[in-house]
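Here is the structure we will look at.
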């Protein structure tokens with residue numbers, strides 16, 4: 148770093164130290180010079196403190212004046228708001244009075260139209276009541292039609308069930324015929340089996356007389372075994388056929404029961420279908436009457452639309468007047484809002500400027516506090532040097548000049 152340039156205090160100190168050193172009291176001269184420098188630093192510090200106080204007072208006065216201005220602006224704003232509200236109320240009252248006057252004039256001009264309006268409203272009420280009653284009747288008819296449809300569906304289901312029962316009965320009859328044929332075949336098979344058993348018994352009887360011949364006996368034994376096996380097979384087959392016959396009988400009984408139920412349901416469905424058809428015819432006649440009445444009402448409405456057109460023209464005139472009043476109110480409100488927004492923007496800009504100035508003052512105070520801390524450190528260092536100079540022996544002129552240079556450098560750093 149570049150070395151600091153010699154200050155005028157250093158020149159004065161060197162000029163005062165050289166004759167003192169020549170006279171033989173260099174340390175006393177150095178101490179006096181140091182005391183003089185400390186006194187000058189204290190004077191400067193006092194001057195700076197006074198300047199800081201003056202600046203603080205000036206800033207405090209400015210802040211107080213700005214606060215007063217802000218309060219005044221707020222008061223003016225409230226007054227302006229009250230005045231604007233009063234003006235709006237007066238304008239609204241005048242406009243309402245004008246609107247009432249115009250309405251009265253219109254009522255005086257068209258009393259016949261008002262009567263027509265009243266009559267038209269009464270007629271509309273009557274028509275609305277008639278339509279409501281017709282709608283209720285139509286809803287009731289629709290509900291009845293829905294109920295008739297449900298009954299028809301149920302009857303159709305019953306008819307389908309009856310058809311199924313009839314088919315089941317036919318199938319049961321066919322199965323009965325097949326079972327009878329099968330039973331006849333089973334009886335024939337049983338007779339055939341009985342004949343075979345008799346033949347086997349005859350063979351066994353003959354075999355007992357022919358046991359003397361060994362080969363013949365063995366053949367007869369084989370035949371006997373075969374015949375016994377066949378007899379057992381025939382018995383198993385007969386048992387299976389009997390079980391099948393029992394199953395067929397159970398199925399026939401179930402089918403007959405189902406067929407009877409289906410026939411009963413079909414009869415009920417047919418009766419319900421007839422009832423629904425009668426109800427449908429009645430509902431169709433009622434609906435036709437209601438449609439005729441509605442057509443008559445529509446024809447009456449067409450003749451009354453002319454009176455409605457006149458009333459609509461008067462209503463449009465009144466709406467135009469109301470819209471004009473609303474537009475005038477909106478324009479005045481918008482202008483006032485813009486003016487207040489401008490004033491608020493100005494106040495906010497002033498407040499931001501004040502905040503920035505306050506932040507600068509705080510930074511300046513922080514710098515002053517740092518300077519005061521450095522000055523206190525410098526004074527402590529000077530006191531330590533004085534104590535060392537008093538306690539230490541006399542040094543050479545070179546060492547004293549080096550000390551003076553170090554002190555001047557530290558002073559320059561502090562003031563920098």
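In this note's numbering, the protein residues as written are 148 to 563.
Glycine included, C-beta positions come from ideal geometry on N, C-alpha and C.
On a predicted model such as this, the values are computed, not experimentally measured, just so you know.
Neighbour-count burial assignment, residue i, 16 or more Cβ in a 10 Å radius
i           : result
residue 315 : buried
residue 412 : buried
residue 432 : exposed
residue 180 : buried
residue 560 : exposed
residue 423 : buried
residue 558 : buried
Pairwise C-alpha distance: residue j and residue i
i           : j           : result
residue 517 : residue 227 : 49 Å
residue 281 : residue 269 : 18 Å
residue 552 : residue 210 : 46 Å
residue 313 : residue 418 : 18 Å
residue 271 : residue 463 : 21 Å
residue 377 : residue 325 : 27 Å
residue 319 : residue 295 : 35 Å
residue 246 : residue 233 : 20 Å
residue 215 : residue 530 : 50 Å
residue 177 : residue 183 : 10 Å
residue 266 : residue 467 : 25 Å
residue 321 : residue 339 : 27 Å
residue 236 : residue 199 : 55 Å
residue 335 : residue 405 : 33 Å
residue 297 : residue 427 : 12 Å
residue 528 : residue 202 : 31 Å
residue 187 : residue 223 : 53 Å
residue 191 : residue 218 : 40 Å
residue 445 : residue 279 : 15 Å
residue 403 : residue 323 : 11 Å
residue 534 : residue 510 : 36 Å
residue 373 : residue 401 : 43 Å
residue 441 : residue 262 : 26 Å
residue 290 : residue 274 : 24 Å
residue 220 : residue 264 : 56 Å
residue 341 : residue 399 : 30 Å
residue 185 : residue 193 : 12 Å
residue 168 : residue 513 : Reliability of the predicted coordinates at residue 168 is poor, the pLDDT of 43 falling under 50, and the value obtained from them is presented with this limitation in mind. Answer to the nearest angstrom: the Cα atoms are 43 Å apart.
residue 197 : residue 524 : 21 Å
residue 344 : residue 408 : 48 Å
residue 493 : residue 241 : 34 Å
residue 337 : residue 351 : 21 Å
residue 104 : residue 380 : This structure leaves residue 104 out entirely; the chain is present only between 148 and 563.
residue 500 : residue 239 : 41 Å
residue 195 : residue 520 : 14 Å
residue 392 : residue 333 : 10 Å
residue 251 : residue 244 : 10 Å
residue 382 : residue 317 : 34 Å
residue 470 : residue 204 : 59 Å
residue 277 : residue 485 : 56 Å
residue 384 : residue 371 : 20 Å
residue 155 : residue 562 : Unreliable placement is indicated for residue 155, whose pLDDT of 45 sits below 50; no coordinate value is reported for it.
Same chain only: Cβ atoms within 6 Å of residue i, ignoring 5 sequence neighbours per side
i           : result
residue 549 : none
residue 410 : 309 and 312
residue 249 : none
residue 292 : 430
residue 170 : Low per-residue confidence applies at residue 170: pLDDT is 43, beneath 50, and the placement is therefore not dependable, though the value from the model is reported in the following sentence. Result list for residue 170: empty, nothing under 6 Å.
residue 369 : none
Cβ neighbours of residue i in the same chain (closer than 8 Å, five flanking residues each side left out)
i           : result
residue 375 : 347
residue 299 : 419, 420 and 423
CB contact below 8 Å: residue i versus chain B
i           : result
residue 218 : As a matter of chain content, chain B is missing from the structure shown, which is built from one protein chain.
Cβ-based neighbour list, residue i, same chain, cut-off 7 Å, excluding 5 preceding and 5 following
i           : result
residue 225 : none
Legend entry - Three CB pairs or more closer than 8 Å across the region 374-388 and the region 322-341: Remark: three or more beta-carbon pairs, one from each stretch, lie closer than 8 Å, so the region 374-388 and the region 322-341 are flagged as touching.
Legend entry - Any 3 or more C-beta pairs closer than 8 Å across the region 300-309 and the region 413-428: Yes: the two stretches touch, three or more of their Cβ pairs being nearer than 8 Å.
Inset, instruction - Mind the definition here: the region 433-448 touches the region 281-291 only if three or more C-beta pairs lie below 8 Å; say whether that holds. - result: As far as the Cβ criterion goes, the region 433-448 touches the region 281-291, which means the pair count is three or higher.
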